[in-house]
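All remarks here apply to the structure that follows.
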Amino acid sequence: MEQNLSMIRVSGGVVAAAMVVVVVVYAWRFFNWVWLNPKKKERCLRDQGLKGNSYKLLYGDVKEIVKMMTEAYRKPINLTDDIIPRVLSFAHKSISIHGQETTANLLVWTMILLGQYQNWQEQARDEVLKVFGKRKPDINGLSQLKIINMIFLEVLRLYPPIVTLLRMVHKETILGNLILPAKTIIQLHTMLSHYDHEIWGDDAKEFNPERFSQGLLKATKGQTSYIPFGGGPRICIGQNFAMLEAKMALSMILLHFSFELSPSYSHAPRTIIMMWHQLANVVADVYRQRQIYEVPRRFGQNPTSTAMSRNDDLLGILLDSNYKEIEQHGNTKFGLSIDDVIEECKLFYFAGQETTANLLVWTMILLGQHQNWQEQARDEVLKVFGKRKPDIDGLSQLKIINMIFLEVLRLYPPVVALSRMIHKETKLGNLILPAKTIIQMHTMLSHYDHEIWGDDVKEFNPERFSQGLVKATKGQTSYIPFGGGPRICIGQNFAMLEAKMALAMILLHFSFELSSSYSHAPRTIVTLQPQFGAHLILCKI
Numbered sequence: 001m002e003q004n005l006s007m008i009r010v011s012g013g014v015v016a017a018a019m020v021v022v023v024v025v026y027a028w029r030f031f032n033w034v035w036l037n038p039k040k041k042e043r044c045l046r047d048q049g050l051k052g053n054s055y056k057l058l059y060g061d062v063k064e065i066v067k068m069m070t071e072a073y074r075k076p077i078n079l080t081d082d083i084i085p086r087v088l089s090f091a092h093k094s095i096s097i098h099g100q101e102t103t104a105n106l107l108v109w110t111m112i113l114l115g116q117y118q119n120w121q122e123q124a125r126d127e128v129l130k131v132f133g134k135r136k137p138d139i140n141g142l143s144q145l146k147i148i149n150m151i152f153l154e155v156l157r158l159y160p161p162i163v164t165l166l167r168m169v170h171k172e173t174i175l176g177n178l179i180l181p182a183k184t185i186i187q188l189h190t191m192l193s194h195y196d197h198e199i200w201g202d203d204a205k206e207f208n209p210e211r212f213s214q215g216l217l218k219a220t221k222g223q224t225s226y227i228p229f230g231g232g233p234r235i236c237i238g239q240n241f242a243m244l245e246a247k248m249a250l251s252m253i254l255l256h257f258s259f260e261l262s263p264s265y266s267h268a269p270r271t272i273i274m275m276w277h278q279l280a281n282v283v284a285d286v287y288r289q290r291q292i293y294e295v296p297r298r299f300g301q302n303p304t305s306t307a308m309s310r311n312d313d314l315l316g317i318l319l320d321s322n323y324k325e326i327e328q329h330g331n332t333k334f335g336l337s338i339d340d341v342i343e344e345c346k347l348f349y350f351a352g353q354e355t356t357a358n359l360l361v362w363t364m365i366l367l368g369q370h371q372n373w374q375e376q377a378r379d380e381v382l383k384v385f386g387k388r389k390p391d392i393d394g395l396s397q398l399k400i401i402n403m404i405f406l407e408v409l410r411l412y413p414p415v416v417a418l419s420r421m422i423h424k425e426t427k428l429g430n431l432i433l434p435a436k437t438i439i440q441m442h443t444m445l446s447h448y449d450h451e452i453w454g455d456d457v458k459e460f461n462p463e464r465f466s467q468g469l470v471k472a473t474k475g476q477t478s479y480i481p482f483g484g485g486p487r488i489c490i491g492q493n494f495a496m497l498e499a500k501m502a503l504a505m506i507l508l509h510f511s512f513e514l515s516s517s518y519s520h521a522p523r524t525i526v527t528l529q530p531q532f533g534a535h536l537i538l539c540k541i
């Protein structure tokens, strides 16, 4: 008996130990999933110079995103206003901070120094006048601004945007006579290198752009001692754009203003470290299953009668095809499950109908505002079809309507952001992105880029597509209303045909204009749509 009791105790102890091990293992996996892995990715991206908000457990930036969206949607905007701060409020804030703060600081320090050194301010102004005259500076002329380039290089030497660079050694490394263990963090102080007398001379602390007159390599004596944007493969990927942006801004200022330091100015440089949360990928199942569950449920109960009584719509065709698949193989393991049918129903509504409807809504809003384009579109429809009902063969001849739709999709793309997950470690330019990193690309930021689309980027101008999409985008992958690559929307051609047919019918029978009660308030609820509806006045022709 005692032996049996001992065996039971031992067995119980083994079971308890096994349970503890299992609990510990799963607890560790959970902790790794919710904390260690995200923090590891964050550290990896920060080490490469990327800025962003710190990872927050479970809810990430959802609270801040919701708060900013609520505030942005509180009141409408003017038809001519920039819609990006309203539609992409969180992303706009992130870009304003991480993409513009360093450029703004460069301009501030430049104006402080040029306010102090009037001779350099005059030389810079003379150069801008020589290159541009009184016309507005353009991107082609910026490369000719040698003096301004020298000034910016010197300002970045004296006042670099980041005063300290951190790098982690991932494996044991020999650095000179030192052996650095793996995971050692190296801290490099940018300003100590930028103020080194042996490299820059006795005037290292003085503002002297002339030191860069023969180029950066000559000024640094061939050493890697100038690092305002970092260095190596992890150098700031936006440095060239930042310099162009700063050159454009300073040129505009010099053309219209002279400036000097105020007597009240106190020279007090300081570093403020701002930590912002990493943008989270918010996924929500907008269409609840119970809303469209009834038909598939009936199909599951009685696939041969109730649900199969009609097949004259997409759902009927789907069920009919699915039933034949099941009948052919003699069991329900083939064909679609109830959940699959539910998902297809969502796809019919969301991808196949709502996006096309939104395209037509925004098109009518813009044509209601721009009557000249409405008239051109109507004349084209009358020329191609006359008074007869539009048909599929004639739709390909509607060049003006195609231009209009391309421009509407540029200004108001159905989906304002695209998300992709990297399934394995990937090199993107100079960046190394860890596996399972989510990349989010904001469609509208690409569609509203001045460098690609020109100074009228915020205006409705279908003429930009008169020579085709490739010419309009200058050959770049910058037009992505339907996404891009192998995962581009498979229904885009059908959606365009559907929209052309609908608009052609409307133009043949109605003229329309914006009502005075219309409030311009684009917002995103899965797709981009007018918050208060599209108030239009239609007149039968």
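Quick note on numbering: the UniProt record's numbering labels position 51 of the sequence shown as 51, and the sequence is numbered without any gaps.
Note that the Cβ used here is the ideal one computed from N, Cα and C, for glycine as well.
Since we're looking at a predicted model, the values are computed, not measured.
Cβ separation of residue i and residue j, assumed to be a contact under 8 Å, to the nearest whole Å
i: Leu153; j: Phe212; result: 5 Å
i: Glu407; j: Arg487; result: That pair is no contact at about 24 Å.
i: Thr443; j: Pro481; result: 7 Å
i: Trp362; j: Pro462; result: Not really, about 13 Å apart at Cβ, beyond 8 Å.
i: Leu166; j: Gln187; result: 6 Å
i: Lys247; j: Leu79; result: The Cβ separation is near 32 Å, so there is no contact.
i: Ile422; j: Ile439; result: 7 Å
i: Phe460; j: Leu411; result: 6 Å
i: Ile253; j: Thr220; result: Ile253 to Thr220, Cβ: 29 Å. No contact.
i: Phe229; j: Gln239; result: 4 Å
i: Ala435; j: Lys424; result: 5 Å
i: Asp449; j: Ser478; result: 7 Å
i: Val34; j: Leu57; result: 6 Å
Check: residue i C-beta below 8 Å from any heavy atom of the ligand MG
i: Ile199; result: In the structure on display, the ligand MG does not appear, and there are no ligands present to speak of.
Identified DSSP bridge partners for residue i
i: Gly483; result: Pro481
i: Phe512; result: Leu538
i: Pro522; result: Pro530
i: Ile77; result: His520
Spatially closest choice to residue i from the options, by CA coordinates
i: Asn105; options: Leu158, Lys399, Lys134 and Met150; result: Leu158
i: Asn358; options: Thr437, Leu528 and His535; result: Leu528
i: Arg74; options: Thr103, Arg86 and Val470; result: Arg86
i: Leu508; options: Glu380, Gly484 and Lys40; result: Glu380
i: Thr70; options: Lys540, Gln531, Ile537 and Leu538; result: Gln531
i: Leu536; options: Trp35, Val131 and Phe510; result: Phe510
i: Leu514; options: Glu354, Gly368 and Val23; result: Gly368
i: Leu433; options: Gly215, Pro38 and Trp28; result: Pro38
i: Leu244; options: Leu156, Ala72, Thr103 and Ala124; result: Thr103
i: Met191; options: Val384, Ile185, Ile179 and Ala204; result: Ala204
i: Met150; options: Ser264, Lys130, Thr110 and Gly115; result: Thr110
i: Ala268; options: Lys146, Ile400, Ile112 and Ile174; result: Ile112
i: Gln492; options: Val415, Ala27 and Ala377; result: Val415
i: Phe494; options: Lys436, Lys427 and Ile392; result: Ile392
i: Asp339; options: Thr356, Leu319, Leu178 and Ser478; result: Leu319
i: Ile162; options: Phe132, Lys183, Ala435 and His194; result: His194
i: Gln118; options: Phe259, Ala417 and Val169; result: Phe259
i: Ser466; options: Glu210, Ile400, Phe257 and Pro413; result: Ile400
i: Gly533; options: Met168, Trp28 and Ile365; result: Ile365
i: Ile525; options: Ala377, Glu354, Asn430 and Ala182; result: Glu354
i: Leu261; options: Gln121, Val169, Ile227 and Val384; result: Gln121
i: Phe257; options: Ala504, Leu114 and Val457; result: Leu114
i: Ile506; options: His370, Lys458, Val21 and Leu360; result: Leu360
Quick check: the stretch 386-406 against the stretch 431-451, are at least 3 beta-carbon pairs closer than 8 Å?
No, they do not touch.
Which full runs of the alpha helix (DSSP H) of 4+ residues lie inside the stretch 176-202, going along the chain?
190-194 and 197-200, all fully within the stretch 176-202.
So does the stretch 488-507 actually touch the stretch 517-524, counting three or more Cβ pairs closer than 8 Å?
Segments in contact, no.
Whole runs of the alpha helix (DSSP H) within the stretch 219-270, excluding any shorter than 4 residues:
Listed in chain order, the alpha helix (DSSP H) runs fully inside the stretch 219-270 are 239-256, counting runs of at least 4 residues.
Please go through the stretch 129-185 and give each complete beta strand (DSSP E) segment of 3 or more residues, from N-terminal end onward.
Here the runs fully enclosed are 164-168, 173-175 and 178-180.
Please list the segments of the beta strand (DSSP E) lying wholly inside the stretch 384-459, counting only runs of 3 or more residues, in order along the chain.
Fully enclosed beta strand (DSSP E) runs of no fewer than 3 residues occupy 417-421, 426-428, 431-433 and 438-442 of the stretch 384-459, in order along the chain.
Is the number of C-beta pairs between the stretch 166-180 and the stretch 114-128 that are closer than 8 Å three or more?
In short, these stretches do not touch, since the Cβ pair count stays below three.
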